[in-house]
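Peer 1: Sequence lines, in order, name chains A and B.
Take the first sequence: its position 84, counted from the start at 1, is 531 in the working numbering, and no numbers get skipped.
Take the second sequence: its position 75, counted from the start at 1, is 373 in the working numbering, and no numbers get skipped.
Positions of the beta carbon are idealized from the N, C-alpha and C atoms, including for glycine.
Below are the structure tokens for one structure; questions will follow.
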Amino acid sequence: MRTIKEFKKGFSTELAPFRLVLGLCPALAVTTSAENGLGMGLATTFVLICSNILISLLRNLIPKKVRIACYIVLIATFVVTVELLLQAFFYPLYERLGIFVSLIVVNCIILGRAEAFASKNQIGYSAVDGLGIGLGFTMSLTLLGGIRELLGAGKLFGMAIMWKGFEPFTFMVKAPGAFIILGILLFLMNFMGSLNKGKT
Amino acid sequence: MKEIAMMVLVTTIICSFSAAWLGALDSGLKNRISRQQDYFVRGPAIMELFAGCPNNPLADRVTMTFGKDYINIYPWIEKGKVRRIILERCGHGGYGGDVVVMTAVDLESNRIYGVRVTRHKETPGVGTRAMEPSYLNKYISLLVIDDIKLKNDGGQIDAITGATRSSTAIANGVDRAAKFVLTNKEKIIKSILGNRGT
């Protein structure tokens, strides 16, 4: 039961960019298309699951005073692993995500989960927590990227799907578009949240 | 005392395991990554520079050592003679560090045949404006013998406004490639033909 609960919270109460408002740097910067959002999300999920498992495994070994340093070393190791794997197998995606792959190291979601969850819970729960939060993050990034790509380029995952003669809002794929779409999504989330609260 | 020893021990062990793992992974994937770069970055740039080349410049590549640097050289071979070469060299002084520049040199006229940028960490939309072919084509037919510099430094090439440092790094990369060709021309031709013969 608890496993399901830990998994589901990543999509509802602790949905990273929209509910916790964490991990905004990649959420704003790389979501120029649905594919970029998906790639970034999956890379983060991989790092999150690996770091959660390892930190949970070592939680009784790592002395309290140097825990943050140890977590960062472990996280950085997985991030460089992802970077090398992306270079070796998905080079075009690596080129598009650019510096933001290395910046997963300082993504606050990952250190946040390590500190708040993995360092206090068993391996199984930590892995499920990483998977849930990671997939929630991936979903949000893909959604954000999808909306921006649809409005900004008239495409979705690189396929043209808008009607003929559709004039793309080019600014949606530029930096300001990210803030506007994120703001609207946050508003919708909070609005729906307050509606639900009103009912009960 | 025991606590401090424990802290040092644990961090050391974690760091050494990380280093060992990453070292192993890097050497394991090195060839694959280099092949991916050939396919997605170097290949297209070389094809653009050497449109109509009779041989495959990637397959005939030679690597020469120059001081501490390794320099990749891609030849255009026609009727058993090396007509043109592309050199890959870093240009120093970019905003985000070194910029890797591919410089094609025509060995008959000793002039620049074309320039492309393959790897860089410059700001997208700012520094990258200095990497558009329309700008890089201004280098074409400059003499290898001259010092290739920006006009600000007393040279021949205009900098792109707002991207002076990226432009400087590219000019530096081209200049270093030209200097290398100038001093090592015979050696380069020899090693290319030697490589092909075997």
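List the endpoints of the continuous beta strand (DSSP E) containing residue 437(B).
Peer 2: Residue 437(B) -> no beta strand (DSSP E), and no H or E assigned at all.
Peer 1: Tell me, please, whether the CB atom of residue 338(B) is closer than 8 angstroms to any CB atom in chain A?
Peer 2: So yes, residue 338(B) belongs to the interface.
Peer 1: Which residues, in chain order, does the segment 302-332 of chain B contribute to contact with chain A at a C-beta distance below 7 angstroms?
Peer 2: Listed in sequence order: 304, 305, 308, 309, 312, 313, 316, 319, 320, 323, 324, 327, 330 and 331.
Peer 1: Can you tell me where the beta strand (DSSP E) holding residue 673(A) begins and where it ends?
Peer 2: The shown model of chain A, from 448 to 647, leaves out residue 673(A), and the question about it has no answer.
Peer 1: Name the one or two DSSP bridge partners that residue 369(B) has.
Peer 2: Answer is 362(B).
Peer 1: Under 8 angstroms between C-beta atoms, does residue 539(A) make it to chain B?
Peer 2: Interface residue, yes.
Peer 1: Tell me, which residues are paired with residue 382(B) by DSSP?
Peer 2: DSSP output for residue 382(B) lists 374(B) and 404(B) as bridge partner(s).
Peer 1: Is it buried or exposed for residue 431(B), if we count other Cβ within 10 angstroms and need 16 for buried?
Peer 2: It counts as exposed.
Peer 1: List, in order along the chain, the chain A residues whose C-beta lies closer than 7 angstroms to that of residue 334(B)?
Peer 2: Neighbours of residue 334(B) on chain A, chain order: 534, 535 and 538.
Peer 1: Please decide whether residue 492(A) counts as near chain B, where near means a Cβ-Cβ distance under 8 angstroms.
Peer 2: No - not a single Cβ of chain B is within 8 angstroms of the one on residue 492(A).
Peer 1: Going by the CB atoms, is the gap between residue 499(A) and residue 561(A) shorter than 8 angstroms?
Peer 2: In this structure, residue 499(A) lies closer than 8 angstroms to residue 561(A) by Cβ.
Peer 1: Compile a chain-ordered list of the residues in the segment 548-581 of chain A whose CB is closer than 7 angstroms to at least one CB of chain B.
Peer 2: From the segment 548-581 of chain A, no residue has a Cβ closer than 7 angstroms to chain B.
Peer 1: Would you report the Cα separation of residue 317(B) and residue 517(A), rounded to the nearest angstrom?
Peer 2: Near 13 angstroms, if we compare the C-alpha coordinates of residue 517(A) and residue 317(B).
Peer 1: If you measure from the beta carbon of residue 517(A) to each beta carbon in chain B, is any gap under 8 angstroms?
Peer 2: Chain B contact via Cβ: present.
Peer 1: Tell me, to the nearest whole angstrom, how far the beta carbon of residue 374(B) is from that of residue 524(A); I am working on the premise that it is less than 8 angstroms.
Peer 2: About 43 angstroms separates the two Cβ atoms, so there is no contact after all.
Peer 1: Show which residues of chain B have a CB atom less than 7 angstroms away from the CB atom of residue 495(A).
Peer 2: Result: empty, since nearest Cβ-Cβ is about 17 angstroms, beyond 7 angstroms.
Peer 1: Locate the beta strand (DSSP E) running through residue 416(B), then write down its first and last residues.
Peer 2: Segment 409-417, the beta strand (DSSP E) holding residue 416(B).
Peer 1: Express the C-alpha separation of residue 529(A) and residue 555(A) in angstroms, rounding to a whole number.
Peer 2: Each residue's Cα considered, the two are about 17 angstroms apart.
Peer 1: Tell me, which residues are paired with residue 389(B) by DSSP?
Peer 2: Bridge partners of residue 389(B): 397(B).
Peer 1: Hey, residue 463(A) and residue 584(A) are a contact pair by Cβ (cut 8 angstroms); roughly how many whole angstroms apart?
Peer 2: With a Cβ gap of about 4 angstroms, residue 463(A) and residue 584(A) count as contacting.
Peer 1: Mind listing the chain B neighbours of residue 521(A)? Cutoff is C-beta to C-beta under 8 angstroms, in chain order.
Peer 2: Correct list: 312 and 316.
Peer 1: Alpha carbon to alpha carbon, how far is residue 312(B) from residue 566(A)?
Peer 2: Spanning the two alpha carbons is a distance of roughly 16 angstroms.
Peer 1: From the DSSP secondary-structure annotation, give me the bridge partner or partners of residue 455(B).
Peer 2: Bridge partners of residue 455(B): 448(B).
Peer 1: Along the chain, where does the alpha helix (DSSP H) containing residue 518(A) start, and where does it finish?
Peer 2: 514-536 is the span of the alpha helix (DSSP H), which, as asked, contains residue 518(A).
Peer 1: Give the secondary structure of residue 603(A) by DSSP, where H, G and I count as helix, E and B as strand, and everything else as coil.
Peer 2: In the structure shown, residue 603(A) sits in a strand (DSSP, three-state: E or B).
Peer 1: For the candidate residues 502(A), 602(A) and 477(A), whose alpha-carbon lies nearest to that of residue 308(B)?
Peer 2: Of 502(A), 602(A) and 477(A), the residue nearest in Cα terms is 502(A).
Peer 1: So which residues on chain D does residue 510(A) lean against when the C-beta distance must stay under 8 angstroms?
Peer 2: Although the question refers to chain D, the structure presented lacks it and instead comprises the protein chains A and B.
Peer 1: Please classify residue 465(A): is it buried, with 16 or more other beta-carbons within 10 angstroms of its beta-carbon, or exposed?
Peer 2: Buried.
Peer 1: In whole angstroms, what separates the C-alpha of residue 322(B) from that of residue 641(A)?
Peer 2: Their Cα atoms are separated by approximately 52 angstroms.
Peer 1: Sort 536(A), 508(A) and 599(A) by Cα distance to residue 326(B) and report the nearest one.
Peer 2: Of the listed residues, the one whose Cα sits closest to residue 326(B) is 536(A).
Peer 1: Check residue 616(A) in the structure and name its three-state DSSP category.
Peer 2: It is coil, neither helix nor strand.
Peer 1: When you compare only the Cα positions, how much space is there between residue 632(A) and residue 590(A)?
Peer 2: Near 10 angstroms, if we compare the C-alpha coordinates of residue 590(A) and residue 632(A).
Peer 1: Would DSSP call residue 313(B) helix, strand or coil?
Peer 2: Reduced to three states, the DSSP call for residue 313(B) is helix.
Peer 1: Let's test the definition: count the other Cβ atoms within 10 Å of the Cβ of residue 483(A) and tell me whether it reaches 16, buried, or not, exposed.
Peer 2: Answer is buried; the Cβ neighbour count reaches 16.
Peer 1: Do you know offhand how far residue 434(B)'s Cα is from residue 458(B)'s?
Peer 2: If I take the Cα positions, the gap works out to 11 angstroms.
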